[in-house]
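K.L.:
To convert, count from 1 in the sequence shown and add 8; that's this note's numbering.
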Amino acid sequence: MEEKLSTFAKSTTPSPIQQLSYLAQRSNAINLAEGFPDFPAPSHLKNAAVSAINSDFNQYRHVQGICDHVAKNMKNIHGLDVDPITDIVICCGQTEAFAAAMFALLDQGDEVIVIDPSYETYESCIRMAGGVPVFVSLDPPYWTLNPEKLMKVCTSKTKAIVLNSPHNPTGKVFGLDELDIIAETCRKQDCLAVTDEVYEHITYDNEKHISLASLPGMQERTIITSSLSKTYCVTGWRIGWAIAPICIADAIRNIHIRLTDSAPAPFQEAALTALLSPPKYYESLKEDFESRRDFVVEMLSGVGFQVEFKPQGSFFIFAELPNDYEHCDIDFVEELIKQAGVVAVPGCGFFHSKHPPDGYQRRYIRFAFCKSSQTLIAAHRKISALLNSAGRLKLFLAEKGPDT
Ligand SMILES: Cc1ncc(COP(=O)(O)O)c(C=O)c1O
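Structure, rendered in C-alpha cells:
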C-alpha cells in the first residue's frame with residue numbers, strides 16, 4: 009500500500025520529538041520534551057469553556073469578539089492599527105494559521121527563508137504548500153543573526169522570511185537591531201515576513217517582545233500568527249489567529265474554511281474570557297515561568313551542562329552537552345530516558361541545514377521547563393542521582409562506553 013502514498017507523505021516520518029515522546033510514554037519517563045504545561049489551565053478559563061458547552065455552542069462558529077480583542081491588543085501593545093473584521097482570521101491554533109498562510113502565499117518552487125534552529129512545523133508546511141525552505145543559521149552560543157548570511161540566501165525567488173520570536177528552541181527574544189536587519193532585507197528584496205509570536209507574553213528579565221510588523225513599512229508586508237496555546241496554558245484548545253493585510257487575510261480565510269471550517273466553537277467562546285485577562289495575569293505568568301526557568305537552568309548547570317545563553321523568553325532551555333560528554337545528542341537523550349527516566353529533545357531535530365555529524369548541531373538538548381514544580385523537582389532528583397562523587401554526570405556518561 010505504501011506506493012499509494014504521496015511523495016510528501018513518504019518523506020514525512022515521525023519527528024525526533026514524536027519518537028522520543030512515544031519512548032518516554034512507554035517507559036513512563038518524566039516529560040521535559042514537549043512544550044506544553046502539565047498543570048491545570050486557569051480555573052476561570054475552564055469554567056468559561058464548561059459554560060460555553062452547557063450553553064450549546066456546538067456548531068461551526070466565528071466569534072468576532074476574539075478578533076476585536078486581538079486588534080485591541082495589537083494597538084495597545086504594538087501600536088498597530090488592525091481592522092478586526094477584515095484583517096484577522098481565527099484558526100485552529102498557530103499551526104493551522106501558519107499552514108494556511110503558506111497555502112495562501114506559495115506557488116511551486118517559491119522559496120521561504122527559515123531561521124535555524126527552527127520549530128519543525130515550518131519546514132513541513134512550506135513543503136506541503138509546494139514551497140522550498142531555505143535555511144539561514146543563527147550563530148551559537150548567543151544565537152546571533154548574521155546580516156550577510158541572511159542577504160546571501162535572499163534571492164528573487166524568496167517569497168517570505170519566517171521569524172519566530174520569542175524563539176523555540178533557543179529562548180531568544182530578537183532585539184530591535186536584528187529585527188531591523190530582517191525588516192531591511194524584506195524591504196530591499198520586496199519579500200514578505202511571516203511571524204510566529206505564540207510566546208509573545210512569555211519573556212523574562214525585563215526583555216520585551218517586539219512585533220516585526222511594528223517596524224517602519226513592515227505591517228503591510230507581515231503576516232502575524234499567534235494563539236492562545238502558550239499564554240493561557242491551553243495547547244489543546246486549538247484557538248489561534250493570523251493577522252494580515254486584507255487581501256492576504258481574505259486568502260487565508262478562504263483556505264482556513266476549506267481546511268477546517270472553524271476553530272472549536274466552545275473554546276472560541278472561552279477565548280473571550282482568556283483575552284480579557286487583567287494585566288496581573290500576564291505579570292504572574294512571566295514571574296511563574298521565570299522561576300521555573302531559573303530552577304532548570306540551575307539544575308542543568310549543576311550537572312555540567314553549558315547554559316551560556318539563558319533563555320529570554322519561551323518555554324525552553326537549549327543547553328549544550330557537558331564538555332566531557334563525547335557522544336551525540338540522540339545518544340544522550342536515549343541514555344537519559346533509560347538511566348534517569350527523564351526525556352528531553354535532541355537538538356538535531358531543530359537544525360535543518362546540512363551539518364557535519366560532529367558539528368555543534370549535535371551538541372544541544374532542548375529542555376521544556378513549562379512543567380509543574382512536582383515534575384521539575386522529580387526530574388532534578390532523578391538527574392542528580394546520576395552524579396558521581398565529583399559532582400559530574402561523567403560516571404553516567406562513561407557507563408555508555410564507546411558507540412555501539
Ligand atoms: C514556536 C511555536 N509555534 C507554534 C506552536 C504551536 O502553536 P499552536 O498550539 O497554537 O498550534 C508551538 C508549540 O510548541 C511552538 O513552539
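Don't be surprised by glycine CBs; every beta carbon is placed ideally from N, CA and C.
Nearer than 7 angstroms: is that true of the beta carbon of T103 relative to any heavy atom of ligand 1?
P.N.:
yes
K.L.:
Consider the C-beta atom of G43 and the heavy atoms of ligand 1; say whether any pair is separated by less than 7 angstroms.
P.N.:
yes
K.L.:
Relative to ligand 1, is the shortest distance from any of its heavy atoms to the C-beta of N176 smaller than 7 angstroms?
P.N.:
Checking the Cβ of N176 against ligand 1 gives yes.
K.L.:
Do A112 and A352 have their CB atoms nearer than 8 angstroms?
P.N.:
no
K.L.:
By Cβ distance, which residues of its chain are closer than 6 angstroms to F106, with the 5 residues on each side in sequence left out?
P.N.:
C133, T233
K.L.:
Just the Cα atoms here: how many angstroms apart are C378 and F324?
P.N.:
8 angstroms
K.L.:
Can you tell me whether C336 is buried or exposed, with buried defined as 16 or more other CB within 10 angstroms of its CB?
P.N.:
Around the beta-carbon of C336, 16 or more other beta-carbon atoms lie within 10 Å, marking it buried.
K.L.:
How about S299: is its Cβ closer than 7 angstroms to a heavy atom in ligand 1?
P.N.:
no
K.L.:
If you reduce the DSSP assignment to three classes, tell me which class Q27 lands in.
P.N.:
helix
K.L.:
Does any heavy atom of ligand 1 sit closer than 7 angstroms to the C-beta of V122?
P.N.:
no
K.L.:
What first and last residue would you give for the alpha helix (DSSP H) that runs through L384?
P.N.:
Counting along the chain, the alpha helix (DSSP H) containing L384 begins and ends at 381-392.
K.L.:
Taking the alpha carbon of I123 as the reference point, which residue from H52, C241, P155 has its own alpha carbon closest?
P.N.:
P155
K.L.:
Using a Cβ-based criterion (distance less than 7 angstroms to any ligand heavy atom), does N172 qualify as near ligand 1?
P.N.:
Yes, the Cβ of N172 comes within 7 angstroms of a heavy atom of ligand 1.
K.L.:
So within the stretch 177-213, which uninterrupted alpha helix (DSSP H) runs reach at least 4 residues, ignoring any that extend past its ends?
P.N.:
Here the runs fully enclosed are 184-197.
K.L.:
Can at least three beta-carbon pairs, one atom from the stretch 205-225 and one from the stretch 59-70, be found at a separation below 8 angstroms?
P.N.:
Note that the stretch 205-225 does not touch the stretch 59-70; fewer than 3 beta-carbon pairs, one per stretch, sit closer than 8 angstroms.
K.L.:
Tell whether a beta-carbon distance below 8 angstroms holds between F375 and V311.
P.N.:
no
K.L.:
Return the chain-ordered list of same chain residues with a C-beta closer than 7 angstroms to the C-beta of S23, the five sequence neighbours on each side being excluded.
P.N.:
E128, G357
K.L.:
At the 8 angstroms Cβ level, is H388 part of the contact set with chain D, yes or no?
P.N.:
Chain labels in this structure do not include chain D; a single protein chain is all it has.
K.L.:
Taking only the alpha-carbon atoms, compute the straight-line gap between D91 and A257 and give it to the nearest angstrom.
P.N.:
Here the alpha carbon of D91 sits roughly 11 angstroms from the alpha carbon of A257.
K.L.:
How many angstroms separate the CA atom of A49 from the CA atom of E11?
P.N.:
So the alpha carbons of these two residues sit roughly 43 angstroms apart.
K.L.:
Along the chain, where does the alpha helix (DSSP H) containing D296 start, and where does it finish?
P.N.:
Unbroken alpha helix (DSSP H) run through D296: 287-310.
K.L.:
Does DSSP put S234 in a helix, in a strand, or in coil?
P.N.:
Strand, per DSSP.
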